[in-house]
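Numbering (our numbering), first residue to last: 60 to 279.
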């Protein structure tokens, strides 16, 4: 029986894309596996010995570590990096296998490549067995109340299913899937632009925002 620990690396408290991806993986992985979820933000700021010790003990005893996090400026969130520095390298002759799922707001999933390289470097430094994972572009399409199996995120769901199968099979091979939602790039950008309108209305600057589209830039 494999002991799997999912490490939620999102700094957001609730309803994040990372939460959605973590809950999806918990459903896809076999129920007979011991699967725990720990929150990197809570571990990085916790001063309670019992809470911290319990979280890190789960990580140290794991056969599989699955990191799930958003990309911040091509890298990992600071709270996740802080937590990772506190992990004790394994004393076991069989180090845990490490996978990662990361997503970014850019349409192109290539923007996740640097963050995944950081994960590979972390594994090499700590003696973990890096196995790759999934890099997701268009992360804004992931909604906490929407199924990933339906358009436009079905590509993401398929990649998560494939990753779950790899984890179960215990493949010892580095493989990364780079995935984007099944919508054209121009449509994704347009949807992102329109998303600002409700926020502008709430803050009373909608008219100024619309007028700015036609305002010529000032020359000094």
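Yeah, the Cβ is synthetic: ideal placement off N, Cα and C, and Gly gets one too.
Checklist entry - Leaving out the 5 sequence neighbours to the left and right, which residues in its chain are closer than 6 Å to residue 185 when beta-carbon positions are compared? => result If the five residues before and after residue 185 are omitted, its C-beta is found closer than 6 Å to the C-beta atoms of 148, all from its own chain and listed in chain order.
Checklist entry - What is the DSSP secondary structure of residue 109, counted as helix, strand or coil? => result Below a pLDDT of 50, predicted positions are generally treated as unreliable, and residue 109, at 43, falls in that range; the measurement from the model is reported next regardless. Here DSSP, grouped into helix, strand and coil, assigns residue 109 to helix.
Checklist entry - Any idea if residue 60 is buried or exposed, counting beta-carbon neighbours within 10 angstroms, 16 or more meaning buried? => result exposed
Checklist entry - Is residue 106 buried or exposed, if buried means 16 or more other CB atoms sit within 10 Å of its CB? => result Legend: pLDDT at residue 106 = 48, less than 50; position of this residue unreliable, value from coordinates given subsequently. By the 10 Å Cβ count, residue 106 comes out exposed.
Checklist entry - So what does DSSP say about residue 260, is it helix, strand or coil? => result Helix.
Next on the checklist: Given this structure, state the Cα-to-Cα distance separating residue 82 from residue 270, to the nearest angstrom.
Outcome noted: 42 Å
Next on the checklist: Can you list, in chain order, the residues of its chain with a C-beta nearer than 7 Å to that of residue 169? Leave out the 5 residues immediately preceding and following it.
Outcome noted: 237
Checklist entry - Which residues in the same chain have their Cβ closer than 8 Å to the Cβ of residue 85, if we skip the five residues on either side of it in sequence? => result 65, 94, 96
Next on the checklist: Under 8 Å: do the region 153–162 and the region 256–270 share three or more Cβ pairs, one atom per stretch?
Outcome noted: no
Next on the checklist: Please classify residue 231 as buried or exposed, where buried requires at least 16 neighbouring CB atoms within 10 angstroms.
Outcome noted: exposed
Next on the checklist: So if DSSP puts residue 162 in a beta bridge, which residue, or which two residues, is it bridged to?
Outcome noted: Under DSSP, the beta-bridge partners assigned to residue 162 are 129, 195.
Item to check | Opening and closing residue of the beta strand (DSSP E) in which residue 177 lies | outcome: Residue 177 -> not in any beta strand (DSSP E); alpha helix (DSSP H) instead, spanning 172–185.
Item to check | Cβ shell of residue 143 (< 7 Å), same chain only, five flanking positions each side left out | outcome: 181
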